[in-house]
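Protein chains in written order, with this note's numbering: chain A, 1 to 303; chain B, 1001 to 1287.
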């Protein structure tokens, strides 16, 4: 068993390798079919004019030129998307982590209940309706009826049509709905921090939980933190359909239109699929840059 | 169970504890809001649904909304049990296949030295960042080329290679399955199948339990558009949307149906999370 000659060792290594390829194959084939191929064709489509009726017509970089010279809404949408990303992205990510970390202190039964409570927003498939009821523009909305009956306002406020409120309300909604996945991943990740490290840390004189968090817990789960960050980037930059259903498209003075809400309009209302693909590609690049930046930031953990 | 009883990790400052508990309570109340709202609305009689000013909580709870459901559903062209079966069949099978396929791929990407694994993993990560909406049209063309439009495959096949699952499990393996352990298993004569099922899968249980929840939940509420036409292949979300289409008079029943629809994912949530935590207990004993 322990003494194998070189030839048979090589043979077993080869058969193990073959086995590994077999393990990877089902994923790779389906992933290529249903994800890689569509992404590639969408990247290609961004150089075509395509209205879903006539055959796609090659038009070079026209779609990209149009985005930067002439599509005023797109420029506003990029600025708004970045505003949402900067306000909600980091906050939602940190909040998800803090909650997972706080919960981790409790015993298993309590922890399960608390996980249930904090994951609840993600459980209800479509949560838009509750915000519609709360922030309804007439006096039937909970927010308006509360403010009117307590005498703070006399006229109902049209929350999503008012530029001084709509951004902040939508940011809070986004914050609250985008935490789910990284919250669960953080909980799972916290389970696997080696308890011996905490013990060693205590002996080395770590005196409060924040030091322990920074020097032991966070560095031990770096790879899960990266997962959470990527999912957060995805959720943050994809904000759009919720905004469209609450604030409409176009929103008042395009104040909360995002790249994705613009994209949905171009694609599903105007059927300019080539242009929609070009917008997606630019959004894709924005997310890749953000992802690279986050990778750099995570390298500083525990230092 | 309680780590601080084994050794003194650190002192809890009183201010820290106050901040900690108030944060948990405020965040908890905020997050339970929509579920409480749904449950309250589902038990509201019609006059309370229309009352002004609107009330958040229910005053005279009634099960009327639930009792009306069978009568509303009676008009469906095929029996409800068929939708129910379809939903469970599609969701459970896809989730199961997704976990197996994703964790096998993640294992290869995390723990072996096959060629191209770095580039494959990079593509998996990047694919998560491409806007899903734009992919619908090319995906539709692929479905129709494969001739799987209007079959169960449209639900199942695209759900299997979800990048989120591979990414999550790969990251989890990177930090929690030590290479030395796999090496030891190999020296003990364990073949790759044994290593994968007996050594790796038990360690990463928190990750695949989490994945089970994420996958179940998203498939349970999924409603593929333009790819399923036969009524006998449709799932529960279609029924739910046809009830909600009934307008304000059916608002209570629609909410009752929504609440019922939430139950299976909630059960999965509790099952998966209590398992995530249980693994912690056994891992602690090993240490």
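Built from N, CA and C at the ideal position, the CB exists for glycine as well. Keep in mind the model is a prediction, meaning the values are calculated, not measured.
Continuous alpha helix (DSSP H) stretch holding residue i: start and end
i, result
"residue 1174/B", "1163–1176"
"residue 98/A", "72–103"
"residue 1207/B", "1205–1220"
"residue 221/A", "Residue 221/A -> no alpha helix (DSSP H), and no H or E assigned at all."
"residue 1104/B", "1080–1111"
"residue 156/A", "No alpha helix (DSSP H) holds residue 156/A; DSSP gives it neither H nor E."
"residue 146/A", "142–149"
"residue 1021/B", "1014–1042"
"residue 1123/B", "1117–1127"
"residue 246/A", "241–247"
"residue 1154/B", "1153–1159"
"residue 1323/B", "Residue 1323/B falls outside the range modelled here, since chain B spans only 1001 to 1287, and no answer is possible."
"residue 282/A", "273–298"
Residue i vs residue j beta-carbon contact at 8 Å
i, j, result
"residue 229/A", "residue 298/A", "yes"
"residue 1168/B", "residue 1211/B", "yes"
"residue 63/A", "residue 267/A", "no"
"residue 42/A", "residue 1135/B", "yes"
"residue 160/A", "residue 247/A", "yes"
"residue 308/A", "residue 180/A", "The structure shown does not extend to residue 308/A, since chain A is modelled only from 1 through 303, so no value can be given for it."
"residue 1103/B", "residue 1208/B", "yes"
"residue 1120/B", "residue 30/A", "no"
"residue 227/A", "residue 287/A", "no"
"residue 1240/B", "residue 1152/B", "no"
"residue 38/A", "residue 1070/B", "no"
"residue 1219/B", "residue 1094/B", "yes"
"residue 166/A", "residue 256/A", "yes"
"residue 115/A", "residue 134/A", "no"
Top-ranked residue by Cα proximity to residue i, from the options
i, options, result
"residue 148/A", "1053/B, 1164/B, 1028/B and 1014/B", "1053/B"
"residue 185/A", "200/A, 160/A, 101/A and 121/A", "101/A"
"residue 222/A", "1141/B, 1107/B, 1171/B and 1164/B", "1171/B"
"residue 283/A", "54/A, 234/A and 267/A", "234/A"
"residue 1127/B", "246/A, 47/A, 36/A and 256/A", "36/A"
"residue 239/A", "253/A, 252/A and 258/A", "258/A"
"residue 1289/B", "1090/B, 1072/B and 1016/B", "Given that chain B is displayed from residue 1001 to residue 1287, the structure contains no residue 1289/B and the question cannot be resolved."
"residue 1042/B", "1029/B, 1020/B, 1066/B and 1025/B", "1066/B"
"residue 47/A", "59/A, 89/A and 145/A", "59/A"
"residue 241/A", "1131/B, 1019/B and 1068/B", "1131/B"
"residue 1055/B", "198/A, 211/A, 142/A and 163/A", "142/A"
"residue 76/A", "277/A, 260/A, 278/A and 292/A", "260/A"
"residue 1236/B", "1265/B, 1049/B, 1194/B and 1082/B", "1082/B"
"residue 14/A", "1112/B, 1025/B and 1105/B", "1112/B"
"residue 306/A", "1181/B, 1122/B and 1024/B", "Nothing can be reported for residue 306/A, as the shown portion of chain A is limited to 1 through 303."
"residue 1273/B", "154/A, 32/A, 52/A and 189/A", "189/A"
C-beta neighbour in chain A for residue i, strict 8 Å
i, result
"residue 1061/B", "no"
"residue 1160/B", "yes"
"residue 1125/B", "yes"
"residue 1276/B", "yes"
"residue 1091/B", "no"
"residue 1002/B", "Confidence at residue 1002/B is low in this model, with a pLDDT of 44, below 50, so the placement of that residue is unreliable and no value is reported for it."
"residue 1114/B", "yes"
"residue 1265/B", "yes"
"residue 1105/B", "yes"
"residue 1065/B", "no"
"residue 1282/B", "Interpretation of residue 1282/B is limited by its pLDDT of 46, a score under 50 that renders its predicted location unreliable; no figure is taken from the coordinates."
"residue 1031/B", "yes"
"residue 1238/B", "no"
"residue 1017/B", "no"
"residue 1131/B", "yes"
"residue 1269/B", "yes"
Per DSSP, the bridge partner or partners of residue i
i, result
"residue 58/A", "48/A"
Minimum Cβ-Cβ distance from residue i to chain B less than 8 Å
i, result
"residue 36/A", "yes"
"residue 230/A", "yes"
"residue 121/A", "yes"
"residue 108/A", "yes"
"residue 155/A", "no"
"residue 262/A", "no"
"residue 273/A", "yes"
"residue 185/A", "yes"
"residue 301/A", "no"
"residue 1/A", "In this predicted model, residue 1/A has a pLDDT of only 43, less than 50, meaning its place in the structure is not dependable; the value taken from the coordinates is given anyway. Yes, contact with chain B."
"residue 178/A", "no"
"residue 66/A", "no"
"residue 26/A", "yes"
"residue 19/A", "yes"
beta-carbon residue i near the ligand FAD non-hydrogen atom, thresh 7 Å
i, result
"residue 1236/B", "The ligand content of the structure shown is nil, which means the ligand FAD is not present either."
CB contact below 8 Å: residue i versus chain D
i, result
"residue 1028/B", "Reference to chain D is not applicable here, since the protein chains of this structure are A and B."
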